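**Q** When you line the sequence shown up against mature numbering (1 follows the signal peptide of the UniProt record, and there is no 0), it's residues -35 to -1, 1 to 547, in that order. For every residue, glycine included, the Cβ atom is placed at its ideal position computed from N, Cα and C. These numbers were taken from a predicted model, which means no experiment stands behind them.
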Amino acid sequence: MQMATVMMATALFSRASAKVLSLLVLVHFTQLSHAVSEPGKWILNVNSKTHDNDALYLFTKTLFNGSVINLKWLSERCEDNNTVKFFVSWYLRSSRCYDEVFSLDNRKAHEYFNKTSVIQEGGAGSYITHSYKSTGCRKNVPGNVFAVKPLPNPTQLITKESSSGSQGRRRRDTSSLKPLRTASTTKEKSSTPDSEIHNSLSAETQYAVARTWEDGPYMFILKIVVLPSDATWDFQLEVRMTGPHGYISATEWPLMIFYMVMCIIYVFLGLLWLVLSASYWRDLLRIQFWIGGVIFLGMLEKAVYYAEFQSIRYDGISVQGAVVFAEILSAVKRTLARVLVIIASLGYGIVKPRLGALLHRVVGVGLLYLVFSIVEGILRVNSAEDDLLLLAAIPLAVLDSTLCWWIFVSLAQTMKLLRLRRNVVKLSLYRHFTNTLIFAVIASVIFIIWTTKTFKFSNCQSDWRELWIDDAFWRFLFSAILLVIMFLWRPSANNQRYAFSPLVDEMSEEEKEQLMNEGFEGVKMRGLKAEANGAAKPNKVDEDLKWVEENIPSSMADVAIPPLLDSDEEIMTTKFEMSKME
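1) Can you tell me whether DSSP reads Thr197 as helix, strand or coil?
2) Where are the beta strand (DSSP E) runs, 3 residues long or more, that stay fully inside the stretch 63 to 116, in chain order?
3) Identify every run of the alpha helix (DSSP H) within the stretch 406 to 466, keeping only runs that are complete inside it and at least 4 residues long; order them along the chain.
4) In angstroms with no decimal places, state the Cα-to-Cα distance between Leu383 and Ser393.
5) Going by Cα to Cα distance, which pick from Glu203, Val110, Ala358 is closest to Thr100?
6) Would you check if the distance between the CB atom of Ser54 and the CB atom of Tyr97 is smaller than 9 Å?
7) Exposed or buried, which one is Trp454 when buried takes at least 16 other CB atoms within 10 Å?
8) Measure the beta-carbon distance from Thr124 to Ala89 and round it to whole angstroms, keeping in mind my assumption that it falls under 8 Å.
9) Given a cut-off of 9 Å, decide if Glu266 and Ala291 are closer than it, judged by their beta-carbon atoms.
10) Using only the alpha-carbon positions, how far apart do Val240 and Ala362 sit?
11) If Val289 and Val346 are in contact, beta carbons under 8 Å, what's the gap, nearest whole angstrom?
12) When the Cα of Gly312 is compared with those of Tyr92, Ser283, Thr379, which residue comes out closest?
13) Can you say whether Leu236 is buried or exposed, counting buried as having 16 or more other CB atoms within 10 angstroms of its CB?
14) Enumerate, from N- to C-terminal direction, the unbroken beta strand (DSSP E) stretches of 3 or more residues contained entirely within the stretch 6 to 68.
15) Looking only at its own chain, which residues have a Cβ that is under 7 Å from the Cβ of Gln426, when we skip the five neighbours before and after it?
16) Buried or exposed: Thr286, going by 16 or more other Cβ atoms within 10 Å of its Cβ?
17) Measure the alpha-carbon distance for Ala405 versus Tyr334 and round it to whole angstroms.
18) Classify Val306 as helix, strand or coil using the three-state DSSP reduction.
19) My output table needs one value for Tyr183: the three-state DSSP class, helix, strand or coil.
20) From which residue to which residue does the beta strand (DSSP E) around Val174 run?
21) Assuming the contact rule is C-beta atoms closer than 8 Å, Pro209 and Phe29 should be a hit. Round their C-beta distance to whole Å, please.
22) Roughly how many whole angstroms lie between the Cα atoms of Met227 and Pro117?
23) So the alpha helix (DSSP H) Arg251 belongs to, where does it begin and stop?
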């Protein structure tokens, strides 16, 4: 009765958790934010065929305090050098709201260019604007033609509040702007970043047009007016945003550190698993090879992501091929990990020697998950439209929730079989494994609720410093589950106690253990009764056949009976009957 109650509770939890997780994942993806790295360098090609004098060019990035914005003239070509004039102006603005800055495009930039007041509620900040005199299209224009010396100070944005408290707060904020900039300059001088980054920052100050005054999201809007409008021309500009850590953004700097730490951890885990596997290579289980493959893919994935962030840090641009390769690696790793959990929950190599008909289902689900993961990852890194990305994310979320339900149902069935067999060692292993997965599901639900409330349903995403956690949490949770699986299925001298063994042999071994187990009272102990007056034992074959019919299902009896019929007595009987026929 107690076992049936536990089974029912596990099944109900698996079904409820799958439904809740599916719903929360769908809500989590309703307002997707692109996981594309923020570049630090842009090359702007402008020509008379595509340029419009009313057009604006928008550049957004989260920057550290004291970062430098550089504007460099690269090249030019004009048919009439004497008449073509360029009128360039720019506008730099900060905001507390991450979504206000990164939801802009070139068309919406007109609502912000040269504005002096707060537009979105909660989007307080400061701004700097600058306009240049006309620049003629001539040969050998110096690259630092747009440099501004000295660098201008920011001006506080005007808020819509009219209360005295808010006015006093604005006065305090305005009075603190200049000391804030001075502090950032002092901090930059006193800090000791890498020599290469420090030298590049010093070399680029000749192209500097502005310096940031606080950590936060920034928009840099560039406007170019060319007269006369019917002239033929083209020129090239370069925009760079460098900080104390190079070109990497303030939101991705902690994520890069996270990937570096995780890469080191995976290297140690891989070495540890390799040493243990080499020490007990004769007794390795099939599932332990799967675990080794997941560790290797995880280590490779973290290394590729870290190398990608290093490329952005030093070069300012993202290598698209490396990003796509990292997403494919991540998809393969997650697929292999889910297949690992599925076959472990089914009891492959533990309670059954092969999957049989379930093998095709496991392979099909794995391939389906791999395809959905690759499509969703490539669309995400290629800045696809939100509707298209949502269309790719919904099937992935539903499939993930279905896998969650299947895993818990399979675990319940496997644990039921282990209880019937009275296998304490394997039952304890699967109980710990189930508790780990339940903890992972609960942690996932709590985290999705928190991120949805903090980042998706917030009018002003002021907690932009925690954005890196949205990506790092899932990597960390995956690594934690993998670490538990490694501990439970670690190679050891007692590996074979977890391996599959035939039912009859397993029962005879367990019956010997039951003599010392007080928890299994009342179990019939075959073959241990004392013989009366030295009388011969009853027919062992008949006794075994009777026990099999009473305790073993017919499908398993087909496997267990043949060895019982191959006794010496049965062979002699068969020969005797054949001799009578002759």
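**A** Based on what the coordinates show:
1) The three-state reading of DSSP puts Thr197 in coil, since its state is none of H, G, I, E or B.
2) Inside the stretch 63 to 116, DSSP marks whole beta strand (DSSP E) runs of 3 or more residues at positions 91 to 96, from first to last along the chain.
3) Segments of the alpha helix (DSSP H) lying fully in the stretch 406 to 466: 432 to 453.
4) Leu383 and Ser393: Cα-Cα distance of roughly 10 Å.
5) Ranking the options by Cα distance to Thr100, first place goes to Val110.
6) In contact: Ser54 and Tyr97 (Cβ atoms closer than 9 Å).
7) Buried, because 16 or more other Cβ atoms sit within 10 Å of the Cβ of Trp454.
8) Confirmed, Cβ separation roughly 6 Å.
9) Cβ atoms of Ala291 and Glu266: closer than 9 Å.
10) Near 37 Å, if we compare the C-alpha coordinates of Ala362 and Val240.
11) Their Cβ separation, rounded to whole angstroms, is 6 Å, which keeps Val289 and Val346 in contact under 8 Å.
12) Shortest Cα-Cα distance from Gly312 to any of Tyr92, Ser283, Thr379 involves Thr379.
13) Classification of Leu236: exposed, given that the 10 Å Cβ count is below 16.
14) Considered as a whole, the stretch 6 to 68 harbours 6 to 12, 21 to 28, 33 to 43, 50 to 59 as its complete beta strand (DSSP E) runs of no fewer than 3 residues, in chain order.
15) If the five residues before and after Gln426 are omitted, its C-beta is found closer than 7 Å to the C-beta atoms of Cys62, Tyr63, Asp64, Phe420, all from its own chain and listed in chain order.
16) It is Gly, not Thr, that sits at residue 286 in the sequence shown. The residue is exposed, with fewer than 16 neighbouring Cβ atoms inside 10 Å.
17) For Ala405 and Tyr334, the distance between alpha carbons rounds to 19 Å.
18) If DSSP states are grouped into helix, strand and coil, Val306 belongs with the helices.
19) Look at Tyr183 here: in three-state DSSP terms it is strand.
20) Looking at the DSSP string, the run of the beta strand (DSSP E) that includes Val174 is 173 to 176.
21) That belief holds up - the Cβ atoms of Pro209 and Phe29 are roughly 6 Å apart, short of 8 Å.
22) A direct Cα-to-Cα measurement between Met227 and Pro117 gives close to 41 Å.
23) Arg251 -> alpha helix (DSSP H) spans 251 to 280.
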